[in-house]
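Enquirer:
2 protein chains.
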Amino acid sequence: MDPVEAHLARVLAVIRPLAPARLGLEAAEGAVLAADAVAVAPLPPFDNSSMDGYAVHAADLAAAAEDAPVTLPVADQVPAGDTRAVTVTPGTCVRIMTGALLPAGADAVVPVEMTDGGTGQARFSQPVAKGSSIRRAGDDVAVGTVLLVEGTRLGPAQIALLAAGGHGEVLARPAPRVAVIGTGNELSEPGTPLVPGRIWESNTYMLAAAVRQAGGVATRHRAGDDPQAVLALIEDLAARADLLITSGGVSMGGEHDVVKAALSGAGIADMAFHKVAMQPGMPQGFGVAGPYRTPVLTLPGNPVSAFVSFFLFGRPALDALQGLAPRPVRCRPAELTAPVNSPAGRRSYLRGVLAPDGATVTPLAGQGSHQLGALAWANALIVVPEEVTAMAAGEAADVISLP
Amino acid sequence: MDPVEAHLARVLAVIRPLAPARLGLEAAEGAVLAADAVAVAPLPPFDNSSMDGYAVHAADLAAAAEDAPVTLPVADQVPAGDTRAVTVTPGTCVRIMTGALLPAGADAVVPVEMTDGGTGQARFSQPVAKGSSIRRAGDDVAVGTVLLVEGTRLGPAQIALLAAGGHGEVLARPAPRVAVIGTGNELSEPGTPLVPGRIWESNTYMLAAAVRQAGGVATRHRAGDDPQAVLALIEDLAARADLLITSGGVSMGGEHDVVKAALSGAGIADMAFHKVAMQPGMPQGFGVAGPYRTPVLTLPGNPVSAFVSFFLFGRPALDALQGLAPRPVRCRPAELTAPVNSPAGRRSYLRGVLAPDGATVTPLAGQGSHQLGALAWANALIVVPEEVTAMAAGEAADVISLP
Chain H
1 MDPVEAHLAR
11 VLAVIRPLAP
21 ARLGLEAAEG
31 AVLAADAVAV
41 APLPPFDNSS
51 MDGYAVHAAD
61 LAAAAEDAPV
71 TLPVADQVPA
81 GDTRAVTVTP
91 GTCVRIMTGA
101 LLPAGADAVV
111 PVEMTDGGTG
121 QARFSQPVAK
131 GSSIRRAGDD
141 VAVGTVLLVE
151 GTRLGPAQIA
161 LLAAGGHGEV
171 LARPAPRVAV
181 IGTGNELSEP
191 GTPLVPGRIW
201 ESNTYMLAAA
211 VRQAGGVATR
221 HRAGDDPQAV
231 LALIEDLAAR
241 ADLLITSGGV
251 SMGGEHDVVK
261 AALSGAGIAD
271 MAFHKVAMQP
281 GMPQGFGVAG
291 PYRTPVLTLP
301 GNPVSAFVSF
311 FLFGRPALDA
321 LQGLAPRPVR
331 CRPAELTAPV
341 NSPAGRRSYL
351 RGVLAPDGAT
361 VTPLAGQGSH
371 QLGALAWANA
381 LIVVPEEVTA
391 MAAGEAADVI
401 SLP
Chain U
1 MDPVEAHLAR
11 VLAVIRPLAP
21 ARLGLEAAEG
31 AVLAADAVAV
41 APLPPFDNSS
51 MDGYAVHAAD
61 LAAAAEDAPV
71 TLPVADQVPA
81 GDTRAVTVTP
91 GTCVRIMTGA
101 LLPAGADAVV
111 PVEMTDGGTG
121 QARFSQPVAK
131 GSSIRRAGDD
141 VAVGTVLLVE
151 GTRLGPAQIA
161 LLAAGGHGEV
171 LARPAPRVAV
181 IGTGNELSEP
191 GTPLVPGRIW
201 ESNTYMLAAA
211 VRQAGGVATR
221 HRAGDDPQAV
231 LALIEDLAAR
241 ADLLITSGGV
251 SMGGEHDVVK
261 AALSGAGIAD
271 MAFHKVAMQP
281 GMPQGFGVAG
291 PYRTPVLTLP
301 GNPVSAFVSF
311 FLFGRPALDA
321 LQGLAPRPVR
331 CRPAELTAPV
341 NSPAGRRSYL
351 RGVLAPDGAT
361 VTPLAGQGSH
371 QLGALAWANA
381 LIVVPEEVTA
391 MAAGEAADVI
401 SLP
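Residue numbers (our numbering), protein chains in the order written: chain H, 1 to 403; chain U, 1 to 403.
1. DSSP three-state label for Ser309(U), please.
2. Taking buried to mean at least 16 other C-beta atoms within 10 Å of its own C-beta, is Lys275(U) buried or exposed?
3. Closest by CA to Gly99(H), which one among Ala27(H), Pro44(H) and Asp67(H)?
4. Would you call the stretch 61-73 of chain H in contact with the stretch 165-184 of chain H, where contact means no fewer than 3 C-beta pairs closer than 8 Å?
5. Assuming Arg330(H) and Ile400(H) form a contact by the criterion Cβ under 8 Å, report the distance between their Cβ atoms to the nearest whole angstrom.
6. Under a three-way DSSP split, which group does Ile159(H) fall into?
7. Less than 7 Å separating the beta-carbons of Thr145(H) and Ala39(H)?
8. Output needed for Asp47(H): all residues of its chain with C-beta closer than 8 Å, excluding positions within five of it in sequence on either side, in chain order.
9. May I ask you to report which of helix, strand or coil DSSP gives His256(H)?
10. Quick one: which chain H residues come within Cβ less than 7 Å of Val141(U)?
11. Just to check my reading of the structure: Glu386(U) and Gly345(U) have Cβ atoms closer than 8 Å, yes? What is that Cβ distance to the nearest angstrom?
12. Taking only the alpha-carbon atoms, compute the straight-line gap between Pro316(H) and Gly105(H) and give it to the nearest angstrom.
13. Taking the alpha helix (DSSP H) that Gln228(U) falls in, what are its first and last residues?
14. Determine which residues share a DSSP beta bridge with Ala409(U) and list them.
15. Suppose contacts are defined by Cβ-Cβ distances below 7 Å. Is Ala239(H) in contact with Gly290(H) by that definition?
16. Once the 5 residues before and after Asp2(U) are set aside, which same chain residues still bring their CB inside 6 Å of it?
17. Answer with buried or exposed for Thr119(H), where buried requires no fewer than 16 other C-beta atoms within 10 angstroms of its C-beta.
18. Relative to chain H, which residues along the stretch 150-177 of chain U have a C-beta separation below 9 Å, given in chain order?
19. In angstroms with no decimal places, state the Cα-to-Cα distance between Ala37(U) and His7(U).
20. Quick check on the DSSP output: what are the complete beta strand (DSSP E) runs of length 3 or more inside the stretch 81-157 of chain U, in order along the chain?
21. Report back the beta-carbon spacing between Gly248(U) and Gly182(U) to the nearest angstrom; my notes put them in contact at under 8 Å.
22. Count the other CB atoms, across all protein chains shown, that sit within 10 Å of the CB of Gly165(U); report buried if there are 16 or more and exposed otherwise.
23. Rounded to whole angstroms, what's the CA-CA distance from Pro403(H) to Ile96(U)? Just pull it up for me.
24. 7 Å is my cut-off, CB to CB: does Tyr349(U) come that close to chain H?
25. Please confirm whether Arg212(U) and Val32(U) have their CB atoms less than 7 Å apart.
26. Confirm, please, whether the CB-CB distance from Ala269(U) to Pro333(U) is below 7 Å.
27. Does the Cβ of Gln158(H) have 16 or more other Cβ atoms within 10 Å, making it buried, or fewer, making it exposed?
28. Quick one: which unbroken alpha helix (DSSP H) runs of 4-plus residues sit fully inside the stretch 326-355 of chain H? Chain order, please.
29. Throw me the rounded Cβ distance for the Ala163(H) and Ser202(U) pair, which I believe falls under 8 Å.
30. Compare the C-beta of Val195(H) with all C-beta atoms of chain U and state if any pair is closer than 7 Å.
31. If you draw a straight line from the alpha carbon of Val86(U) to that of Ala378(H), how long is it in whole angstroms?
32. Distance, Cα to Cα, Met391(U) vs Val308(U)?
33. Considering just the uninterrupted stretch of the beta strand (DSSP E) at Ala359(H), what are its terminal residues?
34. With the cut-off set at 7 Å, would you say Gln367(H) and Leu354(H) are in Cβ contact?
35. Contact criterion: CB-CB distance below 7 Å. Does Pro303(H) meet it with respect to chain U?
36. So for Glu386(U), helix, strand or coil by DSSP?
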C-alpha cells in the first residue's frame, strides 16, 4: 500500500496551473493572482486632508493662543472630489473636507472642532504643526510597489487594494471547472421514492459543494454500471473540464468496478489504480484522459471515503490548478475524550468534535465509511498514524479542523 | 462614545431572520437550515454488504478450516443496485458486491479475498461470525433521528447527509440580498483615468466581496454627494434588498456628510448616528428605511474603517438575517513583535500578520484608516482595549484572524 503522501505527490506531479485570464474585479473574487500586481499610481494619488477643517499656512498661526486668537478670511471651500486647482495665499485659509485635494500653498490642516467653524472667517486659538492632518501622496503605497504578489488569493481586502490602485481587471487563474461523476446502478435521486436495493445519491452533491468551497466551479453527472457509458461520459467531460472527479467503481476485486473497468486500458486514458494506506478510502486512482490529458481523480464510492479522499487529494489538486503551492494539512494536537481504534498499517481519519477551545476532541460513534451521520456532525478529523492501532482517552491526537 | 458592543446590540435588536424557503440541495449550499431535518428513512435503507464477497449462512461454514475447506454452490449474484428479492438457501451461497441488498436467509458475508473467488462454486477455509461484513439498516441513522438541527449551516458533509436521507430540498434561509452603496463625488471607477482630487472607488468592491464571503448576495451601487439622489437610491433599493450597507458621508460635522444629510429626518427612514469607541471607524449609523423597514447600516468611508466596521457589525447582521445566533468574535492571545499605540478611550483594531503557529503577531506599518496596503497584507487584527494607549513588544495582545 502507498502512503497518503505518495498518492498526493502522484497527483501534484501531473497537475499544471490553468492559463491565466484577465478578470474584472468581481469575477476575480476568490481567484488567485497569476502575476504580481504593481501600483501604477501612488496611494493616495494626491496630498489630501485627513480631517474636515481648514487648510492653512502653519506660519500664520504661530502666535495663536486661547487669549490671542488669530482670525483668517475663508477664501474658498474644497469638498472631496473637487478637482479645481485652488491656492491658499498667506493670511487666508480654505475650508476643506476629509479626502479633499490639499490646496497649493497649504502646509497644514486644522480640524474644524479646534476652531469656531466660521464660514466667512475662521478663528484659531492655537498653533498647528506643519504637515498636521495631511495625508501625503504615496504614504499608503508608492508607485511601482508590488501591491500583491503572484499566488495571492483575492479576498475582500485584496480586491479593495487592487480597486484603489486603479486596476479594473487583473491577471488571475480562473476558477477550475470540475466535473463530478457519480457511478453505480444503486443510485436514486434524492426526493424520489426508493425501492429496496437502491440508495439516495449523495456523493455528487457532496463533492460539488466541496469543489465550490475550494474555489472551483462544479457540474454534477451520473452514470450507471456500464463501462462503455462511463467511458463515453468521461471522454465527453474531459474535453470541457479542467478536472474530473469520479466516485465509486474502484474497489479491489469486484468485476463490477465500473470506473476501473472503463478506464483500464482505454485508449483515451492513462490511469493508475492503487491501494493507499488510509482509512477510510483505501482504493484510489489518478491519471489523465482525453485529448487535453485532463486530470482524472477516481475516489471510492463510500460517502465518507469520498469526502476524506477529496479533502486529502482533491483540494490540493484544485489549489494546484489555481497556481497555489501545495499547503500542508494543518494538524493540531488535542486530547482524546474517549479511546479510538485504527487498523494496523493504515492511517485513520476518524470523525470527531473538537471543543471550541481546541483542547479536547471527542470521537463520534459510527465510524464506518458509509456512516454520513458522524461526518455531518463532525467538525474535525482525528488522525491516527499507520503504526498505531489504539489510543486511550487522555492521549494527545493530531486533529484537522474541517472547513 | 458608545462601546462596540452597544452598537452591535442596536443592530441585532432590529434584524430578524429572513423568511425560510424550500431550496434544492445545490441552492441550499452555504445556507442555514430553518427547521430540523428529520430522517424519513433509515440509513442505510436496507441490510447490505460492506464488502465484495459471498452471502452465506454462517452455520454452513462452522467446520471450515484450511485443511478442511467447505465448498458451496454459487446460486446467484447480486450487484449493488439489484432490486430483486433473492434468497440464500442453506448449503448455498450468493455472490454479493459492496452496498448490495443482503439476500434473505444470509446472516454473514465472507470477503472475496478470503475465498477462492469461484463463480460456479466457492471454497471457504475458515468459519465466519454471524453478522460479519453486514451493514444493518439504520446503523448510520435510524428513522425519526434529527439529521441536522435548525440553525446548521450546510457545508458539503451536511448536504451529503440530507441527500443520502432522501431530502431533495430543505427549508432554509435564502442568502440575504445586500445592496452596497458607495457615496462621494471623489470616486472614479477603477480602470478609468484619474484626475487630481479624485480617487479610485474601492469600498463597494470590497464590501460586496465581504458580503459574499459572509453568505450574502451583493449588488454594487454608487451615488455622489447629492442628498436627494442618495435618498432616492436608498428608497429604491430598500424595496428589493434585505439589508443596505452604505459607505461614506457619516462623519462628525462636515456639511458634506451626504448619507447623514439624506437620512436624518427623512420620512422614509428611522436612523440614528453615533460615535463608537473604536479606531478605525468611529462614526457609525444604523436604522431602517422604506415600507418594509429594511435595515440600513451606514459605515464610514475610509476603506479600512469600512472593512473593520463590516467585520464587527455587518457580518453579525448577515448571520442574524440567516437565523444564526450572534457568534462572539474569536480572539486568541499572541505575542507582539513590535510596540503599538492606541488612542485613549477607543478600542483599536490594528492590522497585523499572525505567524503560522499563532504564537506571535507583527503589527504592520501604515495604520491610517485610509491605508489599504497594510489591510491587504494583513491576516489578523490586533485588538488594543479602550483603556490601553501603548503596548510593548513581547506583551500578549488579543488577535482576531481574518477570514
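In this text, a Cβ means the ideal position worked out from N, Cα and C, and glycines have one as well.
Expert: Result, derived from the coordinates:
1. Residue state, collapsed to three classes: helix.
2. By the 10 Å Cβ count, Lys275(U) comes out exposed.
3. Pro44(H)
4. no
5. Contact flag correct, Cβ pair sits at about 7 Å.
6. In the structure shown, Ile159(H) sits in a helix (DSSP, three-state: H, G or I).
7. For Thr145(H) and Ala39(H), yes; Cβs fall inside 7 Å.
8. So the qualifying residues of the chain are Leu101, Leu102, Ile134, Arg135, Arg136 and Ala137.
9. coil
10. Under the 7 Å cutoff, chain H gives Gly373.
11. 6 Å
12. 57 Å
13. Pro227 to Ala238
14. The shown model of chain U, from 1 to 403, leaves out residue 409(U), and the question about it has no answer.
15. yes
16. Only residues of its own chain outside the window of five on either side were considered, and among them His274 and Val276 have a CB closer than 6 Å to the CB of Asp2(U), listed in chain order.
17. exposed
18. From the stretch 150-177 of chain U, only Thr152, Leu154, Gly155, Pro156, Ala157, Gln158, Ile159, Ala160, Leu161, Leu162, Ala163, Ala164, Gly165, Gly166, His167, Gly168 and Glu169 have a Cβ closer than 9 Å to chain H.
19. 35 Å
20. 93-96, 108-111, 121-124 and 146-148
21. 7 Å
22. buried
23. Distance between the alpha carbons of Pro403(H) and Ile96(U) is about 37 Å.
24. no
25. no
26. no
27. Burial of Gln158(H) is indicated by the presence of at least 16 other C-beta atoms within 10 angstroms of its C-beta.
28. none
29. 4 Å
30. yes
31. 37 Å
32. 21 Å
33. Note, Ala359(H): premise wrong, no beta strand (DSSP E); not H, not E.
34. no
35. The Cβ of Pro303(H) sits closer than 7 Å to at least one Cβ of chain U.
36. Residue state, collapsed to three classes: coil.
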